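Undergrad:
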Ligand SMILES: NC(=O)c1ccc[n+]([C@@H]2O[C@H](COP(=O)([O-])OP(=O)(O)OC[C@H]3O[C@@H](n4cnc5c(N)ncnc54)[C@H](O)[C@@H]3O)[C@@H](O)[C@H]2O)c1
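In our numbering, the protein residues as written are 14 to 452.
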């Protein structure tokens with residue numbers, strides 16, 4: 014540790030295991046992408062850890078290293094993937110099914126993808142209603158299942174010789190579910206696992222197994238999962254970082270770009286109607302009202318927090334906000350998201366903005382998963398525990414300390430992320446004040 018550094022960061026030596034519940038569209042797009050990049054077949058477009066630079070010092074200093082040269086991150090060659098799914102398809106078959114990537118690319122990475130065979134999942138149909146599969150751990154209490162997952166993690170680490178692991182939830186969205194009594198403390202949670210309490214979701218069994226195994230956990234879906242006192246207590250006790258929820262990809266990404274701009278110019282909003290069609294398995298799961306409700310919660314909260322109607326009632330009180338998702342099989346993973354935004358300006362004159370984003374969900378999500386894995390591993394090696402607010406940049410519903418509102422503005426999130434990296438290495442934080450150039 015150099016004198017100016019604020020934290021000691023252990024080196025990224027050895028293999029980093031990436032353990033993923035859910036070997037679906039996002040996961041297979043990530044793994045195929047990493048393998049293609051390793052072979053020089055593609056570039057890591059969309060990934061900050063691979064492409065972004067970070068300015069250090071004054072604008073006149075000319076110091077802008079790549080993030081990956083500034084902080085010690087695991088290299089792509091050191092990543093080893095493993096995971097669980099309720100279907101037996103290996104990652105090559107799952108990728109072919111998901112139809113995100115072209116066959117010609119998949120063929121070139123067929124070997125590593127075929128080698129990724131899902132372990133038996135912990136699944137509960139009550140939590141994901143629209144799908145069912147055979148590759149599931151059948152017997153035992155929820156505590157027994159957690160123990161089986163811990164054994165899976167040990168077996169995976171031994172077999173692959175990993176020195177560290179990260180778990181990231183890329184499985185289906187579970188039904189909306191509020192924190193219950195059993196989530197209030199670790200003691201209550203463990204007692205409830207033994208009693209097979211229906212309030213414990215499968216994602217929480219994975220998260221518990223992960224943290225008990227000393228493995229940091231990230232949540233890519235809007236499920237409650239680690240956003241409860243019991244899990245945060247466990248993360249703190251074991252000194253492990255956690256982050257979530259719900260990857261910020263298509264439409265919400267657009268919202269967090271546009272809304273801060275409207276507020277910056279003090280333009281009013283009377284309504285924001287968002288609708289989507291998508292035809293992948295995620296879309297099929299979101300047809301169930303319970304799973305959709307989880308998604309709706311993270312999608313709706315974004316505007317309220319960015320626009321701050323309590324501070325600006327004249328501009329943002331009572332704006333109408335609706336989000337719809339419709340399952341439309343012909344589109345597959347190529348989602349289309351429309352936004353109709355009714356705004357008003359000087360003297361209340363109305364204006365409209367229309368967005369038609371023809372995006373690809375998993376293409377947008379894959380680099381986010383890669384960055385989260387690498388940054389969460391960095392946080393772990395830097396001894397940072399509990400909620401990692403600096404990773405809010407990647408989430409629709411960022412986790413925060415109790416009582417603290419989340420920061421949704423993507424530009425503030427990016428500044429927070431980069432300043433955290435600067436802070437780790439003892440560099441000056443960049444406030445963008447700039448007075449020093451004019452002294
Ligand atoms: N792609 C995006 O842009 C995006 C953005 C935000 C969040 N997400 C979330 O990421 C998750 C993955 O998305 P996807 O498009 O890959 O979905 P997908 O349906 O293709 O893959 C999810 C996989 O999880 C499996 N699964 C379900 N429950 C499981 C369990 N308990 N254990 C293990 N596996 C289980 C399913 O069988 C499926 O193969 C979804 O929850 C989605 O809402 C995706």
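Beta carbons: idealized from backbone N, C-alpha and C, even for Gly.
The model shown is predicted, which means the values in this text are computed figures rather than measured ones.
(1) Quick check on residue 96: buried or exposed, where buried means 16 or more other Cβ atoms within 10 Å of its Cβ?
(2) From residue 440 to residue 148, what distance separates their C-alpha atoms?
(3) Report whether the distance from the Cβ of residue 256 to the nearest heavy atom of ligand 1 is below 7 Å.
(4) With a 10 Å radius around its C-beta and 16 neighbouring C-beta atoms as the bar for buried, classify residue 17 as buried or exposed.
(5) Is it true that the CB of residue 195 sits closer than 8 Å to the CB of residue 404?
(6) In the structure shown, what three-state DSSP assignment does residue 279 receive?
(7) Within 10 Å of its beta-carbon, does residue 402 have 16 or more other beta-carbons around it, so buried, or fewer, so exposed?
(8) When you compare the region 174 to 192 with the region 104 to 121, are there three or more beta-carbon pairs, one atom per stretch, that lie closer than 8 Å?
(9) Residue 290 to residue 259, Cα distance in whole Å?
(10) Return the first residue and the last residue of the beta strand (DSSP E) that residue 177 is part of.
(11) Can you find the residues in the same chain that come closer than 7 Å, C-beta to C-beta, to residue 395, ignoring five residues on each side of it along the sequence?
(12) Going along the chain, which residues of its own chain have a beta-carbon closer than 6 Å to the beta-carbon of residue 301, five neighbours each way excluded?
(13) Mind checking whether residue 180 and residue 216 have CB atoms under 8 Å apart?
(14) What does the alpha-carbon distance come out to for the pair residue 339 and residue 298?
(15) Closest by CA to residue 81, which one among 45, 228, 450 and 390?
(16) For residue 427, is the beta carbon positioned less than 7 Å from some heavy atom of ligand 1?
(17) Below 7 Å, is the gap between the Cβ of residue 378 and the nearest heavy atom of ligand 1?
(18) Tell me the rounded alpha-carbon separation between residue 392 and residue 360.
(19) Tell whether a beta-carbon distance below 8 Å holds between residue 269 and residue 234.
(20) Please report the Cβ distance between residue 230 and residue 30, rounded to the nearest whole angstrom; I am assuming they are in contact, meaning their Cβ atoms lie under 8 Å.
(21) Taking 7 Å as the cut-off, is the CB of residue 111 close to at least one heavy atom of ligand 1?
(22) For residue 28, list the residues DSSP reports as bridge partners.
(23) Could you tell me if the beta carbon of residue 314 falls within a distance shorter than 7 Å of some heavy atom in ligand 1?
(24) Find the nearest neighbour of residue 136 within the set 34, 365, 381 and 28, judged by alpha-carbon distance.
(25) Could you check what DSSP says for residue 318 in three-state terms: helix, strand or coil?
(26) Using a Cβ-Cβ cut-off of 6 Å (strictly less than) and excluding sequence neighbours within five positions of residue 107, which residues of its own chain qualify?
(27) Determine, using beta carbons only, whether residue 28 and residue 236 come nearer to each other than 8 Å.
(28) Assuming residue 126 contacts residue 45 (C-beta within less than 8 Å), just tell me the rounded distance between them.
(29) What's the gap between the Cα of residue 85 and the Cα of residue 24?
(30) What do you get for residue 406, buried or exposed, if any count of 16 or more other CB atoms within 10 angstroms of its CB means buried?
(31) Starting from residue 356, trace the beta strand (DSSP E) in both directions and tell me its first and last residue.
(32) Which whole-angstrom value is the C-beta distance of residue 285 and residue 316, which I expect to be below 8 Å?
(33) Helix, strand or coil, according to DSSP, for residue 307 in the structure here?
(34) Which residues in the same chain have their Cβ closer than 7 Å to the Cβ of residue 432, if we skip the five residues on either side of it in sequence?
TA: So, from the data block:
(1) Burial call: buried.
(2) Looking at the two C-alpha atoms, the distance is approximately 49 Å.
(3) False, no ligand heavy atom lies under 7 Å from that Cβ.
(4) Looking at its Cβ environment, which holds fewer than 16 other Cβ atoms inside 10 Å, residue 17 is exposed.
(5) Contact annotation: residue 404 and residue 195 have beta-carbon atoms that are not nearer than 8 Å.
(6) In the structure shown, residue 279 adopts coil according to DSSP, grouped into three states.
(7) Buried, because 16 or more other Cβ atoms sit within 10 Å of the Cβ of residue 402.
(8) Look at the beta carbons and you see the region 174 to 192 not touching the region 104 to 121: under three pairs across the two are nearer than 8 Å.
(9) Cα to Cα, the separation comes out at about 18 Å.
(10) From DSSP, the beta strand (DSSP E) with residue 177 extends over 175 to 182.
(11) Cβ neighbours of residue 395 beyond the five flanking positions: 20, 22 and 437.
(12) Contacts found: 142 and 143.
(13) No; because the gap between Cβ atoms is not below 8 Å, this pair is not in contact.
(14) Each residue's CA atom was taken as its position, placing residue 339 and residue 298 some 11 Å apart.
(15) Among 45, 228, 450 and 390, the Cα nearest to that of residue 81 is on 390.
(16) Not one heavy atom of ligand 1 sits closer than 7 Å to the Cβ of residue 427.
(17) Look at residue 378: its beta carbon is less than 7 Å from one of the heavy atoms in ligand 1.
(18) For the pair residue 392 and residue 360, the Cα-to-Cα distance works out to about 49 Å.
(19) No.
(20) In fact, because the Cβ distance is near 13 Å, the residues do not count as touching under 8 Å.
(21) Because some heavy atom of ligand 1 lies under 7 Å away, the Cβ of residue 111 counts as near it: yes.
(22) As DSSP reads the structure, residue 28 sits in a beta bridge with 175.
(23) It does not: the Cβ of residue 314 is nowhere closer than 7 Å to a heavy atom of ligand 1.
(24) Nearest of 34, 365, 381 and 28 to residue 136, Cα basis: 34.
(25) Reduced to three states, the DSSP call for residue 318 is helix.
(26) So the list reads 36 and 41, once near-sequence residues are dropped.
(27) No. Outside cutoff.
(28) Between residue 126 and residue 45 the beta-carbon gap is near 6 Å, inside 8 Å, which marks them as a contact.
(29) Each residue's CA atom was taken as its position, placing residue 85 and residue 24 some 7 Å apart.
(30) By the neighbour-count rule (16 or more Cβ atoms within 10 Å), residue 406 is buried.
(31) For residue 356, the enclosing beta strand (DSSP E) has its first and last residue at 349 to 357.
(32) Right, their Cβ atoms sit about 6 Å apart.
(33) It is helical.
(34) Cβ within range, chain order: 442 and 443.
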